[in-house]
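Read through the structure below, which is laid out as structure tokens, and then see the notes.
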Amino acid sequence: MALLELAVSTLTQGLIYALLSCGVYITYKILDFPDLTVDGSFPLGAAVTAVALTAGVNPYLTLLLALAAGAAAGLVTGLIHVKLGVRDLLAGIIVQTALFSINLQIAGSNLTVERGVATIFTAGPTMALFGGLSLLYRKLVVALILTLAVKLVLDAYFRTKSGLLLRAVGDNSTLVTSLARDKGSMKILGLTVANALTALAGAVVCHEQRSFSATMGAGQVVFGLAAVIIGTTLFRRVGFVKGTTAAIVGSIIYKFCIQAAISLGLPANLLKLATAVLFLLILVAGSARKKGGNIHAGAAARSENL
Amino acid sequence: MKTKKMIKTLFAGLLCGLLLLALTACGSSTPVIGISQYGEHASLDNCRIGFLQGLAEAGLTEGKDYTVDYQNAGFDDNVAIQIGQRFSANNVALMCAIATPSATACYAAAEDKDIPVVFTAISDPESANLTGGNVTGTSDKLPVTAQLALIRRLQPEAKTIGILYTTSEPNSVSAIAEYEASAPDYGFAIEAIGVTAQSEVTQAADALLARGVDCLSNLTDNNVVGVLGAILEKTNEAGIPVYGSEVEQVKLGCVAAAGIDYVALGRQTGQMAARILRGEAGAADIPYETISEYGIYINSAALAELGITLPEDVAQTAVEAGAQ
Chain A
31 MALLELAVST LTQGLIYALL SCGVYITYKI LDFPDLTVDG SFPLGAAVTA
81 VALTAGVNPY LTLLLALAAG AAAGLVTGLI HVKLGVRDLL AGIIVQTALF
131 SINLQIAGSN LTVERGVATI FTAGPTMALF GGLSLLYRKL VVALILTLAV
181 KLVLDAYFRT KSGLLLRAVG DNSTLVTSLA RDKGSMKILG LTVANALTAL
231 AGAVVCHEQR SFSATMGAGQ VVFGLAAVII GTTLFRRVGF VKGTTAAIVG
281 SIIYKFCIQA AISLGLPANL LKLATAVLFL LILVAGSARK KGGNIHAGAA
331 ARSENL
Chain B
61 MKTKKMIKTL FAGLLCGLLL LALTACGSST PVIGISQYGE HASLDNCRIG
111 FLQGLAEAGL TEGKDYTVDY QNAGFDDNVA IQIGQRFSAN NVALMCAIAT
161 PSATACYAAA EDKDIPVVFT AISDPESANL TGGNVTGTSD KLPVTAQLAL
211 IRRLQPEAKT IGILYTTSEP NSVSAIAEYE ASAPDYGFAI EAIGVTAQSE
261 VTQAADALLA RGVDCLSNLT DNNVVGVLGA ILEKTNEAGI PVYGSEVEQV
311 KLGCVAAAGI DYVALGRQTG QMAARILRGE AGAADIPYET ISEYGIYINS
361 AALAELGITL PEDVAQTAVE AGAQ
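Going line by line, the protein sequences match chains A and B. Count the first sequence with the working numbering and you get residues 31 to 336, in order. Count the second sequence with the working numbering and you get residues 61 to 384, in order.
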């Protein structure tokens, strides 16, 4: 029982943070843009949500507010990079740094939401549908619905004309230019969507944890990159698996690794080391499964993916 | 074919992961206390040591009456969340949360099963919303007026007190407000500089010294205390004394402190937990407690180096915390 519950809550975490890894998938894998805005837009979503929930805003509406706030953050990063010509890494750093102060301005300070306040996991409509489930399973179902919805919308978008152009920006930006499209505006669009998703992840975490803390964004870029790389490495040879699925699976695996490292009962200070070893094992296992023994081809494929 | 193999391997991997979890998830019949500590830090460690002492003083024996599952988040909020979930899944009898991020994570994880949460080392349980429900604990609010009185005794001529703090730590922000409210009563003005990260602390210390403060006073601010050694190097060179906020900082070289004994705070918390474990009271029935006593700690070597003489009456009650 305990094991099942632990698996359920870890899976829930993986699904919630998958919203963020889908965002990072867009910037890192599709746009080839290392976006550091994430460390700021993730807590931004949580800050907006904490304030809105405390003020009595409808819990479902807070998700839209967070999406809008995150989109604005991504838009700013995009504008700074494309219009002002600031390098990609630096544009992200600038916005991330600014957001640290902005988040604190929005929330006042670290903010917690009382248990009495309804969240997307406890509000009326959720209870009407899934009231029979315990909170643990309700969280899983709601997270699953949200993540699947985002995945399906993204997949559908990638098939549209605009989505195809977006995918071309990272792979072959000359093509975009030759089609008389502005690759700059496609980059801005991608960053906007990615950070909207990141802020949505922050919002759901805030609903789940009932708190916003200014430092909750630390390390989220690293998490997002790790999740995307783990996911895409594992599914590299499976053609039909979509990138969004890979990002979601990567996020779930990441959270299971952390929980496994915690559960190993190692001395606390070795937690990160244990996590790192688990990641390495997964990546090596993922890369080792290769038809034939052509080392060079394998290495080339690896370096292309990592 | 490849796909099949891939899926097989994936499942094998997941199974291995689950087994790994199973190894430690199996419970025994003795109630488990899950201790979630935010990070390794002398004050927080003292809380945990005190907590276990408090349980022992209340007559509970580890191994017989309870077992401990101690976890440490390494100052990572996201890890703190997963630690809380582990405790909840394992149906621990009680969660002990040390420092605010761990407490909010444990409290969120305990919501479904209504597992009691006992916190410690939280300055403001009210603003952290840790007052209603199946939760109680101890608060480590700083004895600000006692500290101001101490500084006045040791430096009768001093006018301004410099304070470094992290703007995102609510504990620090509320302490600054209290310093600013009480300082005029003791004839002081406060010069506070806020930072956002540990890497900015030493620069901020330079800025404070440049403003000509007469001394520095510390809060229990994790970022600032983490680089106390570097701050002390600068202040010693400038001949400016630094006052700590608890005994560990005085051991490191602060001249003196009117501060909390975190082991005592932990003991008090452990005794509360013992009452809950025995079923004498629910966490919801026990209001959180603020430690009222504080100790005066001094570091004679540091005082001598800065040429500060200790008044006779202060010397009598003070505890030497520096190297003998």
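Backbone N, C-alpha and C fix where the C-beta goes; we use that ideal spot for every residue, glycine too.
Which whole-angstrom value describes the C-beta separation of B/G99 and B/N132, a residue pair presumed to lie in contact below a C-beta threshold of 8 Å?
7 Å
Go ahead and pull the three-state DSSP assignment for B/V177.
strand
For B/A362, count neighbouring Cβ atoms within 10 angstroms of its own Cβ and tell me buried if that reaches 16, exposed if not.
buried
What residues match up with B/S96 in a beta bridge as DSSP calls it?
B/Q131, B/A157
Could you name the residues that DSSP lists as bridge partners for B/C275?
B/I221
Can you find a C-beta in chain B that's less than 7 Å from the C-beta of A/N225?
no
Terminal residues of the continuous beta strand (DSSP E) containing B/A252?
249-255
Taking its Cβ as the centre, do 16 or more other Cβ atoms sit within 10 Å of A/V106, making it buried, or is it exposed?
buried
Residues bridged to A/L141 by DSSP?
A/F242
Helix, strand or coil: which one does DSSP assign to B/A383?
coil
Roughly how many whole angstroms lie between the Cα atoms of B/A390 and B/T191?
Given that chain B is displayed from residue 61 to residue 384, the structure contains no residue 390 of chain B and the question cannot be resolved.
Can you list, in chain order, the residues of its chain whose CB lies under 6 Å from that of B/E238, leaving out five sequence neighbours each side?
V204
Under the three-state reduction of DSSP, which class applies to B/L268: helix, strand or coil?
helix
Three-pair Cβ contact test at 8 Å for the region 76-83 of chain A versus the region 234-245 of chain A
yes
In three-state DSSP terms, what is B/T164?
helix
Can the beta-carbon of A/L93 be found closer than 7 Å to that of A/G254?
no
Candidates A/I288, A/L230, A/A304: closest to A/A98 by CA position:
A/L230
CB A/T263 to CB A/G104, shorter than 7 Å?
no
Close Cβ partners of B/T295 (< 8 Å) along its chain, the five nearest in sequence each way excluded:
A265, L269, L276, P301, V302
Taking the DSSP output, what are the residues bridged to A/T262?
Paired residues: none, contrary to the question.
Hey, is A/T204's beta-carbon within less than 7 Å of any beta-carbon in chain B?
no
Please report the straight-line C-alpha distance between B/Q145 and B/N106, rounded to a whole angstrom.
24 Å
Buried or exposed (CB count within 10 angstroms, at least 16 for buried), B/D174
exposed
Three-state secondary structure (DSSP) at B/S305?
strand
B/D266 CB to nearest chain A CB: under 7 Å?
no
Where A/G154 falls: helix, strand or coil (DSSP):
helix
Close beta carbons around A/G200, own chain, < 7 Å, minus the five adjacent residues each side
I60, L61, D62
How far does the alpha helix (DSSP H) with A/L204 in it extend, from its first residue to its last?
What sits at residue 204 of chain A in the sequence shown is Thr, not Leu. 203-208 is the extent of the alpha helix (DSSP H) around A/T204.
At a CB-CB cut-off below 7 Å, which residues of chain A make contact with B/V128?
Near B/V128 there are no residues of chain A at all, since even the closest Cβ is about 11 Å away, more than 7 Å.
Write down the C-beta distance between A/T274 and A/G53 rounded to the nearest angstrom, noting that I regard them as a contact closer than 8 Å.
Going by Cβ atoms, the distance from A/T274 to A/G53 rounds to 10 Å, so no, they are not a contact pair.
Once DSSP output is grouped into helix, strand and coil, what is the label at B/I368?
coil
Name the DSSP bridge partner or partners of B/Y357?
B/A317, B/V379
Quick check: the Cα distance between A/E238 and A/T40, rounded to an integer number of angstroms?
13 Å
Could you have a look at B/Y246 and say whether DSSP puts it in helix, strand or coil?
helix
Reference A/A101, options A/V251, A/A224, A/Y187, A/Q289, closest by Cα
A/A224
Same chain only: Cβ atoms within 7 Å of A/L129, ignoring 5 sequence neighbours per side:
G70, S71, L74, A103
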